[in-house]
Every structure is written in C-alpha cells, then in structure tokens.
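K.L.:
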Amino acid sequence: MIRTPARYRLLAMFVLPALLVYVAFSVYPLISSVVLSFFESSGQTSAFVGTANYVDLFTNPTTSARFWNALGNNVEFFLIHLLVELPIGLLMAALLTSGRLRRSVGVYRTLLFIPATLSVVIVGFIWRLIINPLWGLVEFPLLGTEATALPTISLMSVWQYIGIPMIFLYTALLAIPDDVIEASRIDGAGSWTAFWRIKFPLIAPQFGLIVILTYIWTFNGFDIVYALNGSAPGPNYSTDILGTFFYRSFFGSSGQVADLDLGATVASVIFLLILVTTAAYFWLVQRRLKTYEL
172 MIRTPARYRL LAMFVLPALL VYVAFSVYPL ISSVVLSFFE SSGQTSAFVG TANYVDLFTN
232 PTTSARFWNA LGNNVEFFLI HLLVELPIGL LMAALLTSGR LRRSVGVYRT LLFIPATLSV
292 VIVGFIWRLI INPLWGLVEF PLLGTEATAL PTISLMSVWQ YIGIPMIFLY TALLAIPDDV
352 IEASRIDGAG SWTAFWRIKF PLIAPQFGLI VILTYIWTFN GFDIVYALNG SAPGPNYSTD
412 ILGTFFYRSF FGSSGQVADL DLGATVASVI FLLILVTTAA YFWLVQRRLK TYEL
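Under the numbering used here, residues 172 to 465 are what the sequence shown spells out, in order.
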C-alpha cells in the first residue's frame, strides 16, 4: 500500500504538467487581458487609467453602438442554438434510446455525431457551396441579406454541433435503469408519459448543464462567423458577435484600427458576462435541480 506522502507526490506528478499548461495558456492570458484593460498604451509606454477604457466602450457613440449590436446578435445566436439544437438533440437521444431503431442505433449515432468532428473551415466551405445563389441549391442570397445572415450562420452551427448535446443526453438516458421504466409501464404509463414524467426529470441536471455550456460556447463564438465572412461582420454588421467585435478591436480589421486596450476591455467584458451569468445559473437554478441515485 502506498503511504500518504508518496500518494500526494504521485498525484502532484500527474496533475502538475496539466496545471502548468492550463495556467500558462488560460489563466495568465486572462489575467493579463484584465490588467491591460485598466491601462492606456502609447508607443512603448502605458499609463494606468482605471475604468476609463470601460467608460469609453459604453459611452463612445461608435464603439458602444458596435458593442450593443454585437451583444444583441450574440443573444440571438445563443437563442437559436437553445431553441433548435437542444430540443432536436433531446429528440434524437430519446429516439436512440427508445429501442425502436434496434440494430441501427450505432450507425445513426455515428452519422449524427460526424459533423461535430469536422473542421469549422470545412463546414463553412461546404455550406457556402450549398447556399451559393449562382450554383447552389438556394437562389436567395441568405448570407447577403441582413435579416437572414445571422440565422443562416446559426443554423449551420446547429447542424455541426447538434451531435454534442445528443451524446450527452443519450448517455444520461442510458443510465436510467430499465426497472424504473418497466414499473411505470406496469402502472399504465405510455411512452410519452414515461419520458416526460420519469426520464426527463431524471436527466434535468444534465440538460441544465448543456444549456449553460451552450451559453458559454456561443458567447465565446467566433470561428463559424470568421470562416464564412472573415473579419467583415456581414451586411451592415448583422453577423457581428462579441467574438468578431473583439477580434476587430484588438487586431484591427475592416477599417477598424487595432486598439489593444479596447480589445482587452472587450475581452474582459465578455468574461464578466459569462462568469456572472454562469454563477447566477448555478446559484439560482442548477443547485435546485435534484440528482437522483438509482
């Protein structure tokens, strides 16, 4: 039997490399960007300006208009994922665990998850070919119209990542013992009643986690919009989300001059939005959801 000090040394030996990588590539850049947001750089020098960058972000007519537009687009981006991706993912998970597909479950599960393994660049290229008005299947310029550009990109993203909530919910449904379902059927419950009255309450904590993970991912979103439109935020900024707004602010693009301080401020605001919302969710919702041991 390994003594306690030796166990701690072994544990540190395995954890320390991953911890160092996490601190170097996640914690340090995050802290650096937050610190940078309180300074104003000028050439090789920088001066502490407190919250002046935040005030400028929310009061400058041009900057604040772009920020609020990007935030509104990001909320729409999230809601489309929430209202389309999660219900379909739940439906597919329920279908895969219903027993109606029998031997084809593995095939369907694999086919549904394959898009999530594809590169975003490949997905953007394929969908651009499909919806191209000149030689594609759709004659209407979906990406060239303000009203349809962001919903189109959002649905492309839903198509790619719908397999992820499906797998999460599929494994949660598989963990429910068959005895519980059999008992409900003996009591006269149909398939629909058994799912909503027994299965769904049992997987509610997992469903809630998928909701908040979807929120975190969509508010960190950048790749699918950049793959389709580059740094240009679509027609009249209609596809501009917080990720692309940060990119233009920090690196400069599409006529916008690079401003490291403003970019760090935008990144800090995105971090605070995600942190506060996630903490509020876990405090107000997730801890109230009961996890049953079966």
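Glycine included, every Cβ here is placed at the ideal spot set by N, Cα and C.
1. If you count every other CB in all the chains shown that lies within 10 Å of the CB of Leu-399, and 16 or more means buried, which is it?
2. Do you know how far the Cα of Gly-361 is from the Cα of Thr-342?
3. Taking Phe-339 as part of the alpha helix (DSSP H), name the residues at either end of that continuous run.
4. What are the residues that DSSP puts in a beta bridge with Gln-427?
5. Please report the distance separating the alpha-carbon of Phe-219 from that of Met-263.
6. Per DSSP, what are the beta-bridge partners of Ser-213 in this structure?
7. Could I get the ranges of all uninterrupted beta strand (DSSP E) runs contained in the region 362–410, with 3 residues as the minimum, in chain order?
8. Under 7 Å between the Cβ atoms of Phe-248 and Ser-325?
9. So Pro-312 and Leu-257 are supposed to be a Cβ contact under 8 Å. How far apart are they, rounded?
10. If we ignore side chains and look at the alpha-carbon of each, how far apart do Pro-176 and Pro-188 end up?
11. Cα separation between Ser-420 and Leu-283?
12. For Ile-301 and Gly-307, which I take to be in contact (beta-carbon distance under 8 Å), what is that distance rounded to the nearest angstrom?
13. How big is the Cα-Cα spacing for Met-184 and Phe-196?
14. Would you kindly work out how many angstroms separate the C-alpha atoms of Thr-268 and Pro-286, rounded to a whole number?
15. Counting along the chain, where does the alpha helix (DSSP H) carrying Gly-307 start and finish?
16. In chain order, what residues of the same chain have a beta carbon less than 7 Å from the beta carbon of Phe-366, not counting five sequence neighbours either side?
17. Going by DSSP, what residue range makes up the alpha helix (DSSP H) through Ala-236?
18. Among the residues of its own chain, which have a CB less than 6 Å from the CB of Ile-445, if the five just before and after it don't count?
19. Using a 10 Å radius around the Cβ and a threshold of 16 neighbouring Cβ atoms, would you call Gln-215 buried or exposed?
20. Within a Cβ cutoff of 8 Å, which residues of the same chain sit near Gln-377, ignoring the five residues on either side of it in sequence?
P.N.:
Let's see:
1. As a first step, residue 399 is located in the sequence shown; it is residue number 228 there, counting from the start. With 16 or more Cβ atoms within 10 Å of its Cβ, Leu-399 is classed as buried.
2. Residue mapping note: residue 342 aligns to position 171 of the sequence shown, counting from 1. Residue mapping note: residue 361 aligns to position 190 of the sequence shown, counting from 1. Roughly 22 Å separates the two Cα atoms.
3. Looking up residue 339 in the sequence shown gives position 168. Residues 334–345.
4. Within the sequence shown, the letter at position 256 stands for residue 427. Answer is Ser-424.
5. Your numbering for residue 219 matches position 48 in the sequence shown. Your numbering for residue 263 matches position 92 in the sequence shown. Answer to the nearest angstrom: the Cα atoms are 53 Å apart.
6. Walking along the sequence shown from the start, residue 213 turns up at place 42. Checking the DSSP bridge columns, you'll see Ser-213 partnered with Thr-216.
7. The region 362–410 contains no whole beta strand (DSSP E) run of 3 or more residues.
8. Residue 248 sits at position 77 when you count from the first residue of the sequence shown. Residue 325 sits at position 154 when you count from the first residue of the sequence shown. Cβ distance < 7 Å, so Phe-248 and Ser-325 count as in contact.
9. Counting from one through the sequence shown, the residue named residue 312 turns up at place 141. Counting from one through the sequence shown, the residue named residue 257 turns up at place 86. So it is not a contact: roughly 29 Å between Cβ atoms.
10. Your numbering for residue 176 matches position 5 in the sequence shown. Your numbering for residue 188 matches position 17 in the sequence shown. One C-alpha to the other measures close to 19 Å.
11. The residue labelled residue 420 in the question sits at position 249 within the sequence shown. The residue labelled residue 283 in the question sits at position 112 within the sequence shown. Cα-Cα distance, rounded: 37 Å.
12. What you label residue 301 is simply residue 130 of the sequence shown in a count that begins at 1. What you label residue 307 is simply residue 136 of the sequence shown in a count that begins at 1. About 5 Å separates the two Cβ atoms, so the contact holds.
13. If you number the sequence shown from 1, residue 184 lands on position 13. If you number the sequence shown from 1, residue 196 lands on position 25. Taking the straight line from one Cα to the other gives about 19 Å.
14. Walking along the sequence shown from the start, residue 268 turns up at place 97. Walking along the sequence shown from the start, residue 286 turns up at place 115. In a straight line, the C-alpha of Thr-268 is about 21 Å away from that of Pro-286.
15. Position 136 of the sequence shown, counted from the first residue, corresponds to residue 307. Looking at the DSSP string, Gly-307 is not in any alpha helix (DSSP H), and its letter there is neither H nor E.
16. Looking up residue 366 in the sequence shown gives position 195. Result list for Phe-366: Ala-265, in chain order.
17. Locating residue 236 in the sequence shown gives position 65, where the first residue counts as 1. First-last of the alpha helix (DSSP H) with Ala-236: 232–251.
18. Residue mapping note: residue 445 aligns to position 274 of the sequence shown, counting from 1. Correct list, in chain order: Ile-387, Phe-390.
19. Numbered from 1 along the sequence shown, position 44 holds the residue referred to as residue 215. Gln-215 comes out exposed.
20. The residue given as residue 377 occupies position 206 in the sequence shown. These residues qualify, in order along the chain: Phe-339, Leu-340, Ala-343.
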